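Line by line, the protein sequences give chains A and B.
Residue numbers for the first sequence follow our numbering, beginning at 33 and rising by one.
Residue numbers for the second sequence follow our numbering, beginning at 24 and rising by one.
By construction, the Cβ of each residue, glycine as well, lies at the ideal position given by its N, Cα and C atoms.
Remember, it's a predicted structure, so these values are computed and weren't measured experimentally.
One structure below.
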Amino acid sequence: MKTLLELTQIGVEFKTPKGSFVALDNVNLKIEEGEFVSLIGHSGCGKSTVLNVVAGLLVATTGGVLLSGREVNEPGPERAVVFQNHSLLPWLSAYQNVEIGVKEVFRGKKSRSEMKEWIEHNLELVHMTHALHKLPHELSGGMKQRIGIARALAMQPQVLLMDEPFGALDALTRAHLQDSLMEIQSRLNSTVIMITHDVDEAVLLSDRIVMMTNGPAATVGEILDIKLERPRNRLELADNSHYNHLRHEVLQFLYEKQRKVEDINRNTKKKNEPDNKIKRLQKAS
Amino acid sequence: MAVIINSDTLLHTLRNLRLNFTSDKLLRFVGLPLAGMTVFLLGWHVAALGVHTSLGQFPGPVQVLHQSAGLYQEYLEEKQREADFYARQEKRNAVLLEKNKDFKAQIRDYPSKPMFINQIGTSLKTVFTGFFLAAIIAIPLGIALGLSASLYGAVNPILQLFKPVSPLAWLPLVTIVVSSLYTTVHPDIPKSYVTSAVTVMLCCLWPTVINTAVGVTSVSSDLNNVSRVLRLNWLRHVRSIVLPAAIPMIFTGLRLSLSTAWMVLIAAEMLSQNPGLGKFVWDEFQNGSSDSLARIMVAVLTIGIIGYLLDRTMLTLQRKFSWDKQAITR
């Protein structure tokens, strides 16, 4: 398989009033076409920062990202993002939310009827054809995230970036969406980078799990290959010893090697989140 | 044709119907306002008995009701007189035309004095002119301020400076400027109307400007990221992300502006002599007859009711056009 995405020596520094804060240091990663890669790590370890750099929403201080041999330096639809809070435009229906992306990406390339077909096709992929004309507030959290995925897929991205896509959903809905995502990925053979907190989710969905060390100056700790046969079934895997071994490896990394002790008394909020930190400091000054 | 009724839906509808007529709701939406109104009217009545002025006793609710009927009666009589006036002219012209075939008939306009009902119309026309002028300036300005932090920094001090200025302070300046700039006066657009409308505009700009700017700056960073990932150009970004996202706040601003406009208008009309409700109040005050206080009170209540209706109209528009139904409360 050929390498689609290449992250080389990525370092990210944030300027804060207290001096610079090094969020990422020397992150190296190669991702092949059609690969499903999860990024896992404790909160505040810079997983989202990695994703934002790949998305082009954030510019790395050092190093860079190559997508099919071209440098990434701004956001673009070929690296579509599925955001954690769905980020649907609340005044547009499900259909229109997908349409806004399709119109941008396929302007002049698809006719009006082709676009319509393409939008409906993508909404069908996420099983949402029954709610084409509903507004986001009329939909459940899981449905909204389905539309968010359809919007990203409809941009026909080279790589799909998912920032804790199921983090805000309840366990049952999450399982449904994970199954849908596996089904879609096997149909389209998409390349996916997904951030997650959920060990089971990471093992179930991924071809490789990239485990990140704790920040500041977080980097890639270990990479775990998941060589489980597809299609995967969560019920069968529950008794699979290899699956359980892989789960155990991830848990060991997170809770032994990169154990994180939060000082509960002093700060119960998320630590080391540069964005919030800057905001808080700005408010205080 | 078979009619299939979903039993759940039917039950739901029935339950809703019943809920609408429960005593609880009846008390809350009819009983309490009625009770409040009764206490208010009684209090007013008793308090009025104790206030003796140079124009006689302060009017209670009964006198005010009587006076409002009187004002309507006057309006009807005036209309009758106007109709009679034209009828007389036509009759006379017909007679003259019969005597002399070359006679050119002339119809003179009725020298009407503005009646209470017409004054309401004038006030509404003036307030909407000022309000629309303000909205046309305020919404684009607010969007520009919300999009550019540097522009906001530059303009904000000016906003803060002019926001608290009373209409009474603007009015003399506006009057003088309007008289010097608006020299060829169109008969349907008198100076007093322009002066009042411009004053209203100056005073009701600010809520819309500020709320629009806040609405635009508070577009969530996620939505901005969506726009960046889609590589929307500036115009599309404003049109399909910023503007719709700010719509609820724009409406809030417009609602505040309209109520400010209505308050400012009355003061502006008093001083600029625009023949609206403000002038009516002023004229009655100058007139100083025994009926004046009650007539002013009629105007006060009318101003209140119209202000309320204007606010409701804005609310209805907001309900219809804004996507954020939760932002709309009272």
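Check	Outcome
What is the residue span of the beta strand (DSSP E) that Leu98/A lies within?	Thr94 to Leu99
Mark Gly140/A as exposed unless 16 or more other C-beta atoms lie within 10 angstroms of its C-beta, in which case mark it buried.	exposed
Assign Phe63/B to buried or exposed, taking buried as 16 or more other Cβ atoms, counted over all protein chains shown, within 10 Å of its Cβ.	exposed
Return no unless some Cβ of chain A is closer than 9 Å to the Cβ of Pro180/B.	no
Report yes or no: is there a C-beta of chain B within less than 9 Å of the C-beta of Trp123/A?	yes
Leaving out five residues on either side along the sequence, give the residues of the same chain with a beta carbon under 6 Å from the beta carbon of Asp57/A.	Gly43, Ala249 and Thr251
Less than 9 Å separating the beta-carbons of Glu268/A and Leu253/B?	no
Is Gly133/A buried or exposed, if buried means 16 or more other CB atoms sit within 10 Å of its CB?	buried
Does the separation of the CB atoms of Leu324/B and Val87/B fall below 9 Å?	yes
Could you tell me if the beta carbon of Val104/A falls within a distance shorter than 8 Å of some heavy atom in the ligand NAD?	The model on display carries no ligand, and the ligand NAD is accordingly not part of it.
Using the three-state DSSP reduction, which class does Thr339/B fall into: helix, strand or coil?	helix
How about Val223/B and Val242/B: are their beta carbons less than 9 Å apart?	no
Going straight from the alpha carbon of Arg111/A to that of Thr161/A, what length do you get?	25 Å
For Val242/A, does the count of other Cβ atoms within 10 angstroms reach 16, so buried, or fall short, so exposed?	buried
What is the DSSP secondary structure of Met194/A, reduced to helix, strand or coil?	strand
Give me the DSSP bridge partner(s) of Phe68/A.	Val224/A
Alpha carbons only, please: which of Thr231/B, Ser215/B and Ser219/B is nearest the one belonging to Ser280/B?	Thr231/B
Taking only the alpha-carbon atoms, compute the straight-line gap between Ser317/A and Lys50/A and give it to the nearest angstrom.	Confidence at Ser317/A is low in this model, with a pLDDT of 41, below 50, so its placement is unreliable and the value that follows should be read with caution. The straight-line gap from Cα to Cα measures roughly 12 Å.
If Val114/A sits next to Pro168/A, beta carbons under 8 Å apart, how far is it from one beta carbon to the other, in whole angstroms?	No, Val114/A and Pro168/A are not in contact; Cβ-Cβ is about 15 Å, not under 8 Å.
May I ask you to report which of helix, strand or coil DSSP gives Gln96/B?	helix
Nearest-angstrom Cα distance between Phe155/B and Leu294/B?	22 Å
Give me the Cα-Cα distance between Val130/A and Trp305/B, rounded to the nearest whole angstrom.	60 Å
Three-state secondary structure (DSSP) at Val114/A?	strand
Alpha carbons only, please: which of Ser244/B, Ala220/B and Phe344/B is nearest the one belonging to Val287/B?	Ala220/B
Near Asn299/A, which residues of its chain fall below 8 Å by C-beta distance, leaving aside the five closest residues on each side in sequence?	Low local confidence applies: a pLDDT of 48 at Asn299/A is under 50, so the model's placement there is unreliable, and no value is given.
Per DSSP, which residues does Ala317/B bridge with? Please list them.	Looking at the DSSP assignment, Ala317/B forms no beta bridge with any residue, so it has no partner.
Starting from Ile179/A and walking both ways along the alpha helix (DSSP H), at which residues does that stretch end?	Gly173 to Ala186
Mind listing the chain A neighbours of Trp257/B? Cutoff is C-beta to C-beta under 8 Å, in chain order.	Within chain A, no residue comes near Trp257/B; the closest Cβ sits about 14 Å away, beyond 8 Å.
According to DSSP, simplified to helix, strand and coil, what is Leu168/B?	helix
Give me the Cα-Cα distance between His358/A and Ala284/B, rounded to the nearest whole angstrom.	Because chain A in this structure spans residues 33 to 317, residue 358/A falls outside the shown range and cannot be described.
Using 9 Å as the limit for Cβ to Cβ distance, is Pro267/B near chain A?	yes
Does Ala128/B come out as helix, strand or coil in the three-state DSSP assignment?	coil
Ser52/A by DSSP, collapsed to three states: which one?	strand
With H, G and I counted as helix, E and B as strand and the rest as coil, what does DSSP make of Asn58/A?	strand
Nearest CA to the CA of Leu192/A: which residue from Gly108/A, Asp211/A and Pro122/A?	Gly108/A
At which residues does the beta strand (DSSP E) containing Asp211/B begin and terminate?	Asp211/B -> no beta strand (DSSP E), and no H or E assigned at all.
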